[in-house]
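Let me begin by presenting the structure, written as structure tokens, before commenting on it.
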Amino acid sequence: MKKPKWWFSVWLKFRLIEVAGWMLVASGVAAVVLPGPGLLLIAGGLALLAMRYEWAKKLLRPIKRRALHLARQSVQTWPRITFSLLLSGLLVGVGIFWGVGLPVPGWWPVDTHWWLFGGWGTGVTLLASGTIALGTVVYSFRHFRRHALPESHDGAN
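Residue numbering for the sequence shown follows the working numbering, starting at 249 and increasing by one per position.
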């Protein structure tokens, strides 16, 4: 029996998704130790692998449930929103600072090659982390904040 022409493209699509999922998981594990959005990369890799494997779906369910719970909680009060935005902005600022690579200060106690090692490679991961965090705050605000606001008492909804 001859296989249809589209068979190879479907097979290739699944292989690319699988490889991308495993690469995201591996990058996430590395980014847990190194600067970067490690847990987010792991979750993204699991989301891709969940398209193919039931065990990945099972691992992803509690992560998704917890992430949505935290997203909902993060926008319940203005101090939480402000703190999240400040930390996100700080990450972006540190990423830029790291990437620019300012000269080694006189107070730096170890060898100079350890000062802001990684250059733009590390700076970009910090920028990505800050940008993802900002996006998450905006997403949470748009999707969950309206549910946190008290209803109007004047009868208009």
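By construction, the Cβ of each residue, glycine as well, lies at the ideal position given by its N, Cα and C atoms.
Among the options, whose alpha-carbon lies nearest the alpha-carbon of residue i?
| i | options | result |
| --- | --- | --- |
| residue 384 | 329, 290, 355, 358 | 329 |
| residue 297 | 263, 318, 389 | 263 |
| residue 309 | 374, 295, 379, 260 | 295 |
| residue 377 | 266, 303, 332 | 332 |
| residue 390 | 322, 285, 365, 301 | 322 |
| residue 300 | 267, 282, 312, 316 | 267 |
| residue 325 | 388, 278, 313, 269 | 388 |
Can you list, in chain order, the residues of its chain with a C-beta nearer than 8 Å to that of residue i? Leave out the 5 residues immediately preceding and following it.
| i | result |
| --- | --- |
| residue 287 | 276, 280 |
| residue 375 | 339, 340, 343, 344, 347 |
| residue 271 | 293 |
| residue 354 | none |
Which same chain residues, not among the five before or five after residue i, have their C-beta less than 6 Å away from its C-beta?
| i | result |
| --- | --- |
| residue 273 | 290, 293 |
| residue 320 | 392 |
| residue 399 | Because residue 399 sits at a pLDDT of 48, beneath the cut-off of 50, its placement in the model cannot be relied upon, and the following sentence gives the value as read from the coordinates. Around residue 399: no qualifying Cβ. |
| residue 382 | 336 |
| residue 305 | 298 |
| residue 307 | 294 |
| residue 269 | 293, 296, 297 |
| residue 312 | none |
Between which residues of its own chain and residue i is the CB-CB distance below 7 Å, once the five residues before and five after are set aside?
| i | result |
| --- | --- |
| residue 356 | 363 |
| residue 360 | 352 |
| residue 379 | 340 |
| residue 285 | 279, 376, 377, 380 |
| residue 404 | Any answer about residue 404 is weak, because its pLDDT of 46 lies below 50 and its placement is not dependable; what the coordinates show is given next. For residue 404, where only same-chain residues beyond five positions count, there are no Cβ hits under 7 Å. |
Does the distance between the C-beta of residue i and the nearest non-hydrogen atom of the ligand MN fall short of 7 Å?
| i | result |
| --- | --- |
| residue 357 | Absent from the structure shown: the ligand MN. Ligands present: none. |
Within 8 Å of any Cβ in chain B, is that where the Cβ of residue i sits?
| i | result |
| --- | --- |
| residue 280 | Here chain B cannot be found, since the structure has a single protein chain. |
Using 8 Å as the cut-off, can you tell me whether the region 332-350 makes contact with the region 368-378, which would need three or more C-beta pairs spanning the two stretches below that distance? Yes: the two stretches touch, three or more of their Cβ pairs being nearer than 8 Å.
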